[in-house]
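Residue numbers for the sequence shown follow my numbering, so the first one is 313 and each next one is one higher.
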Amino acid sequence: MSGGQPSILVIGGGIAGIEAALGASALGAKVYLVEAQPSLGGRVAQLSLLYPQLSSSLEVLAPRMEKVVSDPNIEALVYAEVKEASRTGDTFKVKVVKKARHVDLSKCDLCGKCAEACPVEVPSEFDLGLSKRKAVYLPFNGAVPKAYVVDEASCPYFKDKSCTACRDACPKGAINLDGKPSEVEVNVDAVIIAAGYDLYDLRLKREYGFNVYSDVITGLQLERMLSPEGPTKGEVIVPSRGEKPRSLAIVLCAGSRDETALPYCCRVGCMAGLKHAYEVKKKYGADVDVYLCFNDVRAAGKGYEEFYREARRNGLVMVRGQPSEVRPTPEGGLTMKVFDEATNKLLRLNLDLIVLEAGIVPSSGCLKAAEIFGVERSPDGFLAEADPRLDTWSTKTPGVFIAGACHSPKDIAEAVSQAKAAALAAVAYARGKH
313 MSGGQPSILV
323 IGGGIAGIEA
333 ALGASALGAK
343 VYLVEAQPSL
353 GGRVAQLSLL
363 YPQLSSSLEV
373 LAPRMEKVVS
383 DPNIEALVYA
393 EVKEASRTGD
403 TFKVKVVKKA
413 RHVDLSKCDL
423 CGKCAEACPV
433 EVPSEFDLGL
443 SKRKAVYLPF
453 NGAVPKAYVV
463 DEASCPYFKD
473 KSCTACRDAC
483 PKGAINLDGK
493 PSEVEVNVDA
503 VIIAAGYDLY
513 DLRLKREYGF
523 NVYSDVITGL
533 QLERMLSPEG
543 PTKGEVIVPS
553 RGEKPRSLAI
563 VLCAGSRDET
573 ALPYCCRVGC
583 MAGLKHAYEV
593 KKKYGADVDV
603 YLCFNDVRAA
613 GKGYEEFYRE
623 ARRNGLVMVR
633 GQPSEVRPTP
643 EGGLTMKVFD
653 EATNKLLRLN
663 LDLIVLEAGI
673 VPSSGCLKAA
683 EIFGVERSPD
693 GFLAEADPRL
703 DTWSTKTPGV
713 FIAGACHSPK
723 DIAEAVSQAK
733 AAALAAVAYA
743 RGKH
């Protein structure tokens with residue numbers, strides 16, 4: 313604490329990290345928010361509509377991202393990572409490495425001429441490989457900070473200095489290809505880890521054919537298709553043919569509640585799958601047959617049961633059972649068998665597209681932060697709380713708190729609530745030390 317003001321480090325710039333930072337700032341703390349990606353936003357930025365109200369994700373997220381970067385109490389260290397930390401008395405000394413962005417934030421006006429000139433195309437991480445991006449790119453429309461970034465891994469300049477097309481094309485002189493990483497050292501009273509989640513690697517569930525058949529995709533990939541800002545401008549397509557599907561199946565619990573994969577519930581898959589089914593039927597009606605394969609539908613949340621009923625009324629075919637092995641058909645489609653427990657019938661579904669609602673695992677950034685700050689992990693791999701009944705935002709490491717999906721799978725409302733609690737607890741802890 314400097315001059316009576318508590319200082320808090322927040323790791324992760326997704327919705328939980330943003331809310332934790334804003335909450336701590338509102339309580340008078342100095343906040344350092346560290347985000348590894350070149351923009352704030354996290355997973356929520358990849359979503360199109362948020363259930364159950366079907367509100368735009370960016371309408372929810374954009375004002376919060378802007379509030380973070382305009383808040384005088386918050387220093388947003390974007391495109392940066394915590395490398396190490398030590399504890400001296402009551403204070404954490406934390407080393408943060410800021411990666412070289414190679415684009416001056418104060419000069420970039422988003423004209424896009426650098427990307428137009430760039431000859432390199434690689435799969436877009438944001439669109440999960442459904443589109444291409446350049447080596448110099450804008451993370452997504454609405455990204456904060458509002459600036460392009462140069463990806464060293466795909467830019468030829470960082471291999472043999474053979475290309476300076478982006479630098480030559482920039483009318484503002486905003487690109488410096490010789491920029492270097494820099495280190496920042498901060499002293500803080502408390503830490504909030506909110507580094508989010510990754511999707512379960514569905515290649516491990518070989519029976520689904522993910523990464524074998526291009527027309528087997530994840531729910532998040534379908535989410536990007538459904539977004540008007542996405543790679544297909546809101547149209548659902550069969551990747552192998554580039555045309556609208558006539559039939560698709562959405563498979564819940566792909567890797568979740570599965571003793572051969574993740575034994576726990578992903579908490580968001582049922583509602584995400586229902587939302588995806590609802591959106592597809594709303595958009596295409598009887599032109600597209602939509603099947604939802606499920607074990608149980610868990611719709612526990614305000615407005616969730618009502619949304620479930622509305623989705624069912626929209627012509628969705630519910631199949632209670634998990635599919636067996638996915639196989640290609642001679643006609644170029646896919647087929648899978650499902651034993652429907654509701655009718656006691658073995659169904660053979662011939663499909664153009666299969667959508668897997670993947671399980672959730674703690675992100676690599678979450679696990680790294682846990683190691684750096686000595687936070688215990690639960691048997692499921694997520695970060696362990698101090699008390700599962702009364703205190704899910706504290707850890708057993710004094711001064712270290714957790715928020716969002718790094719603690720356990722949860723939806724946006726739960727993540728935000730926990731982030732607010734973590735912010736309050738972290739600031740109270742910091743003030744109580746002095």
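Heads up, the beta-carbon is just placed ideally off N, CA and C, and yes, glycines get one too.
Just tell me which of LYS342, ASP383, VAL550, LYS545 has its CA closest to the CA of VAL528. VAL550
Could you give the C-beta distance for TYR512 and ILE672, rounded to a whole number, given that I count them as a contact under 8 Å? 7 Å
Does the Cβ-Cβ distance between GLY483 and CYS423 come in under 8 Å? Reading off the sequence, residue 483 comes out as Pro, not Gly. Closer than 8 Å, so yes.
With distance defined between alpha-carbon atoms, name the residue in SER443, ARG536, ASP416 nearest to ARG355. ARG536
Does DSSP put ASP439 in a helix, a strand or coil? coil
Spell out the partners DSSP gives TYR525 in its beta bridges. PHE522
Three CB pairs or more closer than 8 Å across the stretch 660-672 and the stretch 530-546: yes
Please identify the residue among GLU387, VAL631, CYS565, TRP705 whose C-alpha is closest to the C-alpha of SER729. TRP705
Sorted by chain position, which residues of the same chain lie with C-beta nearer than 7 Å to GLU331's C-beta, five sequence neighbours on each side aside? VAL728, ALA731, LYS732
Residue interval of the alpha helix (DSSP H) (run including LEU321): Taken as a continuous stretch (DSSP letters only), LEU321 belongs to no alpha helix (DSSP H), being part of the beta strand (DSSP E) at 319-323.
If you draw a straight line from the alpha carbon of THR707 to that of ALA696, how long is it in whole angstroms? 6 Å
Does the separation of the CB atoms of LYS425 and VAL408 fall below 8 Å? no
Measuring alpha carbon to alpha carbon, tell me which residue in LYS517, ILE724, GLY335, LEU679 is nearest GLN754. Missing from the structure shown is residue 754; the chain here goes from 313 to 746 and no further.
Would you mind stating whether PRO721 and CYS577 have Cβ atoms separated by less than 8 Å? yes
Which of helix, strand or coil DSSP assigns to LYS407: strand
Measuring alpha carbon to alpha carbon, tell me which residue in ASP416, ALA623, PRO575, ARG553 is nearest LYS584. Here the sequence assigns Ala to residue 584, which means Lys is not the residue at that position. Of the candidates ASP416, ALA623, PRO575, ARG553, the one whose C-alpha sits nearest the C-alpha of ALA584 is ALA623.
Alpha carbon of TYR620 to alpha carbon of GLY581, nearest angstrom: 13 Å
Assuming VAL631 and VAL650 form a contact by the criterion Cβ under 8 Å, report the distance between their Cβ atoms to the nearest whole angstrom. 5 Å
Would you kindly work out how many angstroms separate the C-alpha atoms of LEU366 and ASP501, rounded to a whole number? 39 Å
Go ahead and label GLN349 buried or exposed: buried means 16 or more other beta carbons lie within 10 angstroms of its beta carbon, across all protein chains shown. buried
Hey, how far is the Cα of LYS595 from the Cα of CYS678? 37 Å
Return the first residue and the last residue of the alpha helix (DSSP H) that LEU604 is part of. Counting along the chain, LEU604 falls outside any alpha helix (DSSP H), though it belongs to the beta strand (DSSP E) covering 601-606.
By Cβ distance below 8 Å, which residues in the same chain neighbour LEU389 in space, the five residues on each side in sequence not counted? TYR344, LEU345, VAL346, GLU347, VAL408, LYS410, VAL496
Pop quiz: LEU361 and LYS657 are said to be a contact at Cβ under 8 Å. What is the actual Cβ separation, rounded to whole angstroms? With a Cβ gap of about 34 Å, LEU361 and LYS657 do not count as contacting.
Using a Cβ-Cβ cutoff of less than 7 Å, which residues in the same chain neighbour TYR520 once the five nearest sequence positions on both sides are dropped? LEU514, VAL528, ALA566, VAL638, LEU668
Does the stretch 440-454 come into contact with the stretch 398-405, if we say contact requires no fewer than three beta-carbon pairs (one atom in each stretch) closer than 8 Å? no
Going by DSSP in three states, PRO375 sits in which element: helix, strand or coil? helix
Identify which residue in GLU387, ALA412, ALA357 has its Cα closest to the Cα of ALA341. GLU387
From which residue to which residue does the beta strand (DSSP E) around ILE504 run? 502-505
Starting from TYR590, trace the alpha helix (DSSP H) in both directions and tell me its first and last residue. 581-596
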